[in-house]
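Asks: Handing you this structure, nothing more for now.
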Ligand code: ADP
Ligand code: MG
Ligand code: ZN
């Protein structure tokens with residue numbers, strides 16, 4: 000960790016740390032937007048570290064991958080490190096890192112909020128992407144807490160697979176009554192408020 004800033008001594012300008020949250024339903028482009036921001040930071044020759052929660056990966060080295068259609072091609076993945084806890088994420092932050100990218104933040108423990116705050120207080124730019132709602136349309140903690148302390152919140156939207164309207168919800172297509180069910184288009188689809196059905200068993 001770099002030494003903490005002495006606010007009583009010049010230069011008085013502090014490093015401008017901040018928290019940015021990118022949120023919305025599944026397929027809304029959260030990961031695409033996270034990758035876009037990271038690539039811009041890399042163009043600016045900033046040192047970036049990307050993390051995701053370890054859900055079922057056995058390996059630490061992993062990638063952040065968007066649902067981008069195959070036709071949209073490459074460039075939609077990012078090298079990342081999978082960590083089991085927010086504590087382990089914080090420990091892996093290197094001294095010269097300027098930007099932290101975190102995907103699927105809804106799967107982290109609540110301490111991720113304090114970790115993001117500490118990193119931003121130290122002058123890092125922390126960019127966090129995650130689902131704002133679970134499969135029943137309930138706030139998906141700790142995203143609400145992250146949104147509350149963030150300087151910037153961007154809500155992105157998918158297209159409702161039923162009616163084509165702007166989608167804000169993730170419809171679970173299979174009957175599993177657990178909040179954490181990792182899956183893609185075989186298990187979930189994007190729906191608008193009108194087409195979304197908040198129930199345990201859909202089919
Ligand atoms: P998220 O991280 O929010 O789940 P991604 O960035 O992984 O989203 O994927 C966004 C991409 O998903 C879109 O650019 C598009 O190619 C694809 N996609 C698939 N289904 C939909 C949908 N119903 N609405 C919008 N985009 C969709
Ligand atoms: Mg994503
Ligand atoms: Zn709809």
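In my numbering, the protein residues as written are 0 to 202.
Where a beta carbon is used, it is the ideal one built from N, C-alpha and C, also for glycine.
Go to residue 54, then tell me how far its alpha helix (DSSP H) extends in each direction, as first and last residue.
Replies: Residue 54 -> no alpha helix (DSSP H), and no H or E assigned at all.
Asks: Kindly indicate which three-state DSSP category residue 138 falls into: helix, strand or coil?
Replies: Correct three-state label for residue 138: strand.
Asks: Does the beta carbon of residue 193 fall short of 7 Å from some heavy atom of the ligand ZN?
Replies: Yes, the Cβ of residue 193 comes within 7 Å of a heavy atom of the ligand ZN.
Asks: Please name the residue or residues paired with residue 18 in a DSSP beta bridge.
Replies: The partner list for residue 18 (beta bridge, DSSP) reads 125.
Asks: Quick one: give me the first and last residue of the beta strand (DSSP E) that residue 98 is part of.
Replies: Run containing residue 98: 98 to 101, per the beta strand (DSSP E) assignment.
Asks: Residues bridged to residue 163 by DSSP?
Replies: Answer is none; residue 163 lacks a bridge partner.
Asks: If we ignore side chains and look at the alpha-carbon of each, how far apart do residue 27 and residue 129 end up?
Replies: C-alpha separation (whole angstroms): 10 Å.
Asks: Bridge partners of residue 49, per DSSP?
Replies: DSSP lists 100 as partners of residue 49.
Asks: Could you check what DSSP says for residue 172 in three-state terms: helix, strand or coil?
Replies: Coil, per DSSP.
Asks: The ligand ADP and residue 25: does the residue's C-beta get closer than 7 Å to at least one heavy atom of that ligand?
Replies: Yes, the beta carbon of residue 25 sits closer than 7 Å to at least one heavy atom of the ligand ADP.
Asks: Are at least three pairs of beta-carbons, each pair with one atom in the region 140 to 150 and one in the region 35 to 53, less than 8 Å apart?
Replies: Contact fails: fewer than three Cβ-Cβ distances are below 8 Å.
Asks: Quick one, are the C-beta atoms of residue 278 and residue 23 less than 8 Å apart?
Replies: The shown model of the chain, from 0 to 202, leaves out residue 278, and the question about it has no answer.
Asks: Going along the chain, which residues of its own chain have a beta-carbon closer than 8 Å to the beta-carbon of residue 50, five neighbours each way excluded?
Replies: Once the five neighbours on either side are set aside, the close Cβ partners of residue 50 are 79, 80, 81, 82, 88, 91, 99, 100, 101 and 102.
Asks: Tell me, which residues are paired with residue 154 by DSSP?
Replies: For residue 154, which the question treats as bridged, DSSP gives the partners 22.
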